[in-house]
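Under my numbering, the first residue of the sequence shown carries the number 252, and numbering increases by one thereafter.
Ideal placement from N, C-alpha and C gives every residue a C-beta, glycine not left out.
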Amino acid sequence: MAVINNNNYHDEQNKQNIIKLRGILDNLPPFCRTYFRAIENYTSTRTRLGYAYDLKLFFEYLHEKNVMCSKMEISDIPLDLLDKLTRIDIEEYLEYMSLYQKDGKDISNAERGKARKLSALRGFYNYFYQSEALKNNPASLVPMPKLHEKAIIRLEPNEVALLLDQVEDGTKLSKKELVYHNKTRVRDVALLTLLLGTGIRVSECVGLDIKDVDFENLGIKVRRKGGYETIVYFGNEVETALLDYLDQRDHILPMEGHEDALFLSLQNRRITVRAVENLVKKYASRVTTLKKITPHKLRSTYGTTLYRESGDIYLVADVLGHKDVNTTRRHYAAQEDERKRKATQYVQLREHTEN
């Protein structure tokens, strides 16, 4: 198992993504490498890896369902064969993605999954079409699936309090869970308080080093999607929870390569995204069974609360790290409409007199 160097956590994640990407490209047609080299300078390794997975599915589909491609290995499919595909071929691929089997398991894609796959295919086709390596661009002729906005799932203020109470006392945990809870309680309180009190992403949270926490200015340095760094500020509740955890953290001997990590697992390694997802699910399931709460839903909870209290959509976008405020506005449109409706209460056209 590779040892992760804490000082370059995000760089190590990028390296792992590059290694996975190269493994996928080894089994795809050689011209795919040309495309991924071309987009390297303006996409993240995580984005490119996502595109590679989607293109892998596309070529596997061609190999299985297309008469011409079924006669050759995927890696031998020539670029000019893509010129022979039509809009109907792309539409049939997307329809197939709605439900297919792989390794004996049913896999489904709803609107967003198919939209992401079409987006990856469009970018792929556009590159070779604009480079005049392809004469046709059937992917551009297929309209993007209409995405229906989902209601924001978040915790209400009373549920937030119940969740943190549950993390602290663990009254509803099983006996087996309580054994681990006694060891991780202080860490878990700090971790969930931080997520709820700052709205940072789970990937940003697990990537934090001790040196990224500035108690003098009550801020943490996080690496956002896209690779840029910024400071996110926190309040007194987060400060108290972090200080309590760091008192305990000082007495833990981390595994080699994990000395700088802020949050450690029971194995004294940097905690993983999956581990945080599991602990959020564990505690949240004791508070509400009607809502599927994930770390991202804690982020939505923070964003909703911040917008409700401040009414400043630009502030919410900035704190959450949204590059486009319209992304934030779409997510919190219901709250914005509610505020607009309240405007009718403030404007009175004529003074009403009592009879």
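Query: In the segment 313-370, which residue ranges form an unbroken beta strand (DSSP E) of at least 3 residues, counting only runs that do not cross its ends?; Result: 350-353, 356-359
Query: Can you give me the Cβ contacts of I328 inside the same chain, cut-off strictly under 8 angstroms, excluding the 5 residues immediately before and after it?; Result: P280, F310, L313, H314, C320
Query: Helix, strand or coil for R521, going by three-state DSSP, please let me know.; Result: strand
Query: Starting from T556 and walking both ways along the alpha helix (DSSP H), at which residues does that stretch end?; Result: 546-561
Query: Considering only their Cβ atoms, is the gap separating V473 from E490 smaller than 7 angstroms?; Result: no
Query: Is it buried or exposed, I255, if we count other Cβ atoms within 10 angstroms and call 16 or more buried?; Result: Because I255 carries a pLDDT of 44, less than 50, the predicted location of this residue cannot be relied on, and no value is offered for it.
Query: Candidates R452, I461, Q267, N292: which alpha carbon is nearest Y496's?; Result: I461
Query: Are at least three pairs of beta-carbons, each pair with one atom in the segment 368-380 and one in the segment 388-397, less than 8 angstroms apart?; Result: yes
Query: Grab me the residues of L443's own chain with a C-beta within less than 6 angstroms of its C-beta, minus the 5 sequence neighbours each way, in chain order.; Result: V418
Query: Less than 8 angstroms between the CB atoms is what I'm expecting for L308 and K271, so what's the real figure, rounded?; Result: Actually they are not in contact, since the Cβ atoms of L308 and K271 sit about 15 angstroms apart, beyond 8 angstroms.
Query: Identify which residue in R537, A361, R559, F514 has its Cα closest to the Cα of V464.; Result: F514
Query: Between the C-alpha atoms of A441 and Y376, what's the straight-line distance to the nearest angstrom?; Result: 47 angstroms
Query: Assess contact between the segment 410-424 and the segment 378-386, defined as three or more Cβ pairs (one per stretch) separated by less than 8 angstroms. Is contact present?; Result: no
Query: Go ahead and pull the three-state DSSP assignment for T579.; Result: helix
Query: Grab the span of the alpha helix (DSSP H) containing T449 for me, first residue to last.; Result: 426-449
Query: For Y565, report the span of its alpha helix (DSSP H) as first-last.; Result: 564-571
Query: Tell me the start and end of each unbroken alpha helix (DSSP H) in the segment 267-307 that is at least 4 residues and wholly inside, in chain order.; Result: 282-289
Query: Rounded to the nearest angstrom, how far is the Cβ of L445 from that of I544, given a contact under 8 angstroms?; Result: So it is not a contact: roughly 16 angstroms between Cβ atoms.
Query: Below 8 angstroms, can you find three or more Cβ-Cβ pairs linking the segment 476-486 to the segment 514-533?; Result: no
Query: Among the residues of its own chain, which have a CB less than 8 angstroms from the CB of Q499, if the five just before and after it don't count?; Result: V437, R438
Query: Quick one, are the C-beta atoms of V567 and T578 less than 7 angstroms apart?; Result: no
Query: Taking 7 angstroms as the limit between beta carbons, can you name the residues of its chain near N278, skipping five residues before and five after?; Result: I325, S326
Query: When you compare only the Cα positions, how much space is there between G450 and L424?; Result: 26 angstroms
Query: Name the two residues that bound the continuous alpha helix (DSSP H) containing T491.; Result: 487-500
Query: Taking the CB atoms as reference points, tell me whether R373 and A361 lie closer together than 7 angstroms.; Result: no
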